[in-house]
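Quick mapping for you: the protein sequence lines, in order, are chains U and V.
According to the numbering used here, the first sequence holds residues 1 to 455 in order.
According to the numbering used here, the second sequence holds residues 456 to 910 in order.
We put the beta carbon where it would ideally sit given N, CA and C, even for glycine.
Only a predicted model underlies this, so the values are computations on that prediction, with no experimental measurement involved.
A short worksheet on the structure shown next.
There are 2 protein chains.
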Amino acid sequence: MNKEIPYKIYLEENELPTQWYNVRADMKNKPAPILNPATLKPITIDELSPIFCTELAKQELDETTPYFDIPQEIRDFYKMYRPSPLVRAYCLEKKLGTPAHIYYKFEGNNTSGSHKLNSAIAQAYYAKQQGLKGVTTETGAGQWGTALSMACAYFDLDCQVYMVKVSYEQKPFRREVMRTYGAKVTPSPSMTTEVGKRINAEHPGTTGSLGCAISEAVEAATTQEGYRYVLGSVLSQVLLHQTVIGLETKAALDKYGIKADMIIGCAGGGSNLGGLISPFAGEMLRGEADYEIIAVEPASCPSLTRGKYAYDFCDTGKICPLAKMYTLGSNFIPSANHAGGLRYHGMSSIVSQLYEDGYVKARSVEQTEVFKAAEMFAKVEGILPAPESSHAIKVAIDEALKCKETGETKNIVFGLTGTGYFDMVAYQKYNDGEMSDYIPTDEEIAKSLATLPNV
Amino acid sequence: MNKEIPYKIYLEENELPTQWYNVRADMKNKPAPILNPATLKPITIDELSPIFCTELAKQELDETTPYFDIPQEIRDFYKMYRPSPLVRAYCLEKKLGTPAHIYYKFEGNNTSGSHKLNSAIAQAYYAKQQGLKGVTTETGAGQWGTALSMACAYFDLDCQVYMVKVSYEQKPFRREVMRTYGAKVTPSPSMTTEVGKRINAEHPGTTGSLGCAISEAVEAATTQEGYRYVLGSVLSQVLLHQTVIGLETKAALDKYGIKADMIIGCAGGGSNLGGLISPFAGEMLRGEADYEIIAVEPASCPSLTRGKYAYDFCDTGKICPLAKMYTLGSNFIPSANHAGGLRYHGMSSIVSQLYEDGYVKARSVEQTEVFKAAEMFAKVEGILPAPESSHAIKVAIDEALKCKETGETKNIVFGLTGTGYFDMVAYQKYNDGEMSDYIPTDEEIAKSLATLPNV
Chain U
1 MNKEIPYKIY LEENELPTQW YNVRADMKNK PAPILNPATL KPITIDELSP
51 IFCTELAKQE LDETTPYFDI PQEIRDFYKM YRPSPLVRAY CLEKKLGTPA
101 HIYYKFEGNN TSGSHKLNSA IAQAYYAKQQ GLKGVTTETG AGQWGTALSM
151 ACAYFDLDCQ VYMVKVSYEQ KPFRREVMRT YGAKVTPSPS MTTEVGKRIN
201 AEHPGTTGSL GCAISEAVEA ATTQEGYRYV LGSVLSQVLL HQTVIGLETK
251 AALDKYGIKA DMIIGCAGGG SNLGGLISPF AGEMLRGEAD YEIIAVEPAS
301 CPSLTRGKYA YDFCDTGKIC PLAKMYTLGS NFIPSANHAG GLRYHGMSSI
351 VSQLYEDGYV KARSVEQTEV FKAAEMFAKV EGILPAPESS HAIKVAIDEA
401 LKCKETGETK NIVFGLTGTG YFDMVAYQKY NDGEMSDYIP TDEEIAKSLA
451 TLPNV
Chain V
456 MNKEIPYKIY LEENELPTQW YNVRADMKNK PAPILNPATL KPITIDELSP
506 IFCTELAKQE LDETTPYFDI PQEIRDFYKM YRPSPLVRAY CLEKKLGTPA
556 HIYYKFEGNN TSGSHKLNSA IAQAYYAKQQ GLKGVTTETG AGQWGTALSM
606 ACAYFDLDCQ VYMVKVSYEQ KPFRREVMRT YGAKVTPSPS MTTEVGKRIN
656 AEHPGTTGSL GCAISEAVEA ATTQEGYRYV LGSVLSQVLL HQTVIGLETK
706 AALDKYGIKA DMIIGCAGGG SNLGGLISPF AGEMLRGEAD YEIIAVEPAS
756 CPSLTRGKYA YDFCDTGKIC PLAKMYTLGS NFIPSANHAG GLRYHGMSSI
806 VSQLYEDGYV KARSVEQTEV FKAAEMFAKV EGILPAPESS HAIKVAIDEA
856 LKCKETGETK NIVFGLTGTG YFDMVAYQKY NDGEMSDYIP TDEEIAKSLA
906 TLPNV
């Protein structure tokens, strides 16, 4: 059997999923409802609709429909880069000398360089369907902004990206990819919004933050006719779209009669992890199968392993709805020395509830170890991974080495969410031996958690 | 039939070619022999072997063996990123409103970002087989250096890359990818070689050139025990390895019963074009089929369309063997305003002979038009193409628009050699409207051609 598994398992085009899977439908303990920040009551579709596209607002709140059809236009776009390969990491296994079989679902073979495109194209589609002129969003490092730019170019939608000023200046290449796709990229805080002007006045010379960029993007969406705001992670709608990753992974494994023992993914806002694990968690929730699911987070931003399960604001600016989630507090800002993404203070409410109920385990890892794993992986598997994805690589390697000790032939599946081509500043730091680790103290976390809203 | 062709045609792993195809075996007019620069007589394997790996020197000189087995170790590496997809450009066709069917063979889905890896892994393999410690090479923009670094990391070979100083400083990210793969990257001219010291003394503050970097790499190879020099294009051995592109393309077309009418590729040194077209040119040479084959070169470096078919040095430093080829003269240096690669003064001797004999046509295009085509392609097909590859896109679009006028349903196949993720400086110029065109004058070309060696 082993010999027959190719290096890359490609599904046929007609095996591309036709529906996204809404894992909430199978959860006995549903995620707590998101709350209107003004009333602190569960938010309604009417309240969400001025900010989000109506169809997306519906998806956000729907806890019972198990499957959503993927519209044909989105499937056609998916066909340009999906089904993505499930790769058997033969070379990594050989390098490690492990009896474990390692598989990774590779989402990096598209110009956005990551899984973000899976939801970007869906969100752009619904905006187009609603007859909107365009969408606004924020971006930090630029992966999400790039994906959204591509999606908007495809549907001929205007795309306005507020990019954290420090990234805008330090990551000019990401910015140029977005511009090539026709997006308008504005360094945030800008002088084009009221909130931007206010922040610039209060903090002259500030290089911006994600929280500030969100505020500007939301203001831009709500003050221009025919615009809505879109977001790249955390939300349940995003996780829903990302289930295309898990559904393909499961289909590819089933095709070759492989039963995963362990599923590993990196976790920032939780949408890629949630998308990867949903079909597997669904089987667990329905009592049909058992898997060991591990969410890997950076030690510098450990929302699952050291955060609190509580209602919190989704944004630093506290203008977005509140969600119940594992959080470090919306004031928590990870150390600037932390290289990759995965900097979000909270965690998708779906993933949080699955973790709370024991379906998902969590592990935190330090960044120099992550880059060491990334370097080894790049050399033997030929793919330079994104720092975010490398968190999953690190734990997959650890688990494969445990199998080497115990002699177990486990099937380890992990999500390789993207490539690191636009992260070479971080790799340079690592190559030069100048990378260091940062772990927040208990006091720092307690201080941030003390500011949780009283809900 | 049309409807059944998927967006991406992936061959199965067991359909990966087992042999490279040596088109010279089918050529009645063989390429003229390469000459020893010291004696001006056809060079022998013994004379080549101190510089090149022995097996590669044999491949270089072999004009009669039609097929070379691809060693299993190389095929195993190929499996990590090959077979590469042949993509039906449905979205581009729709955008253009053309009845033509457009296909592209996409070589960019690997970390080197281009087809260069196909030959890098072969050259590293033969170096390892010969028991060498390492290899040396030069790189300009860094695509070849990246590919070779990956290949050397895989086979645990030392890799020394002399990178043109101006690129070393302006393209730090390419440099870091190479370093991550363990390569030693030295800005050229350096103070580590005699020739480098001499050039630095004669031209203080020089930012280097490819010719100088070649000289340093050759010196480094011949003065260190257990090293050889390797090259990423132009040579017949490189073209041989790149036939994996054309063989897969043909197999994919055959699988779906598609007969190509036109095959288009960009041409710098000629190895990707030669590799793509070899199996098709072979059919033409054997009188079995007919195709329209178009080599696309930049108007700023027009070796086929405005050069001379003559013996010339392969390098600016005039230390490498002479080849008969279409050339602009080894002194020709394309304008610095030319953004992409495709800057080589000459053309693979195989491609040159096929062009001389009428099997290949050539067309030159200006760079702003090329970037315009690249932008359109990126938006509808979702892949940000390399500037080099975009030369082929430009002509494919032109030909598809001709079909729109005539109503012909031609099958147009082109080579998309790589991605543009490390070329964002050029895209920025284009996005900012600061890109201009350069076409050398007749006088400039005549002046450079006047320096051709008297052979």
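- Identification of chain V residues near E375(U) by a Cβ-Cβ cut-off of 8 angstroms yields T635, ordered along the chain.
- With a threshold of 16 other beta carbon atoms within 10 Å, P776(V) meets it and is buried.
- Chain V has no Cβ within less than 8 angstroms of the Cβ of P321(U).
- In the three-state scheme derived from DSSP, where H, G and I count as helix and E and B as strand, K8(U) is classed as strand.
- Minimum Cα-Cα distance from Y746(V) among the listed residues K588(V), K714(V), T760(V), L495(V) corresponds to K714(V).
- Remark: C-beta atoms of P385(U) and A396(U) do not approach each other more closely than 8 angstroms.
- The residue from V619(V), A596(V), Q584(V) with its alpha-carbon nearest to that of D611(V) is Q584(V).
- At least one beta carbon of chain V lies nearer than 8 angstroms to the beta carbon of A153(U).
- Exposure of D887(V) is indicated by the presence of fewer than 16 other C-beta atoms within 10 angstroms of its C-beta.
- By the beta-carbon neighbour count (other beta carbons within 10 angstroms, threshold 16), I498(V) is buried.
- If you compare the alpha carbons of K394(U), S236(U), I445(U) with that of F68(U), the shortest gap goes to S236(U).
- Residues of chain U whose Cβ lies closer than 8 angstroms to the Cβ of Y810(V) do not exist, since the nearest Cβ in that chain is about 33 angstroms away.
- CA-to-CA, the gap between E12(U) and Y154(U) works out to about 23 angstroms.
- Between S569(V) and G873(V), the CB-CB gap stays under 8 angstroms.
- Around the beta-carbon of M646(V), fewer than 16 other beta-carbon atoms lie within 10 Å, marking it exposed.
- Any Cβ of chain V closer than 8 angstroms to the Cβ of A378(U) would place that residue at the interface, and such an atom is present.
- Here T861(V) is exposed. Its C-beta has fewer than 16 other C-beta atoms within 10 Å.
- Runs of the alpha helix (DSSP H) lying entirely within the stretch 642-674 of chain V and spanning at least 4 residues, in chain order: 649-657.
- By the Cβ criterion, the stretch 88-104 of chain U is not in contact with the stretch 162-177 of chain U, since fewer than three pairs of Cβ atoms, one from each stretch, lie closer than 8 angstroms.
- Under the Cβ criterion of 8 angstroms, T111(U) is counted among the residues facing chain V.
- Residue contact check for Q130(U) against chain V: no CB pair falls below 8 angstroms.
- With contacts defined by Cβ atoms closer than 8 angstroms, Y162(U) and A221(U) do not form a contacting pair.
- Taking every protein chain shown into account, the CB of I500(V) has fewer than 16 other CB atoms within 10 angstroms, so this residue is exposed.
- Across the structure, I732(V) and F787(V) are spaced so that their CA atoms are roughly 27 angstroms apart.
- Taking a contact to require three or more Cβ pairs closer than 8 angstroms, the stretch 365-373 of chain U and the stretch 295-314 of chain U qualify as touching.
- Fully contained in the stretch 735-786 of chain V are the following beta strand (DSSP E) runs of length 3 or more, in chain order: 747-753, 763-768, 777-782.
- L35(U) and K41(U) have their C-alpha atoms some 5 angstroms from each other.
- Here S604(V) is buried: its Cβ has 16 or more other Cβ atoms, across all protein chains shown, within 10 Å.
- Scanning chain V for C-beta atoms nearer than 7 angstroms to the C-beta of F173(U) yields M879, reported in chain order.
- In the same chain as E562(V), and ignoring 5 residues on each side of it, the C-beta atoms closer than 8 angstroms to its own belong to S539, S569, H570, N573, I700, N727, G870, L871, T872, G873, in chain order.
- DSSP lists L871(V) as the bridge partner or partners of F561(V).
- Looking at the DSSP output, E593(V) bridges to Y617(V).
- Assignment of beta-bridge partners to K639(V) by DSSP yields Q615(V).
- Residue range 116-129 is occupied by the alpha helix (DSSP H) that includes A122(U).
- Interface flag for M618(V) against chain U is unset, since no Cβ pair is found closer than 8 angstroms.
- When C-beta atoms of the stretch 514-522 of chain V are compared with those of the stretch 467-483 of chain V, three or more pairs fall below 8 angstroms, so the two segments count as touching.
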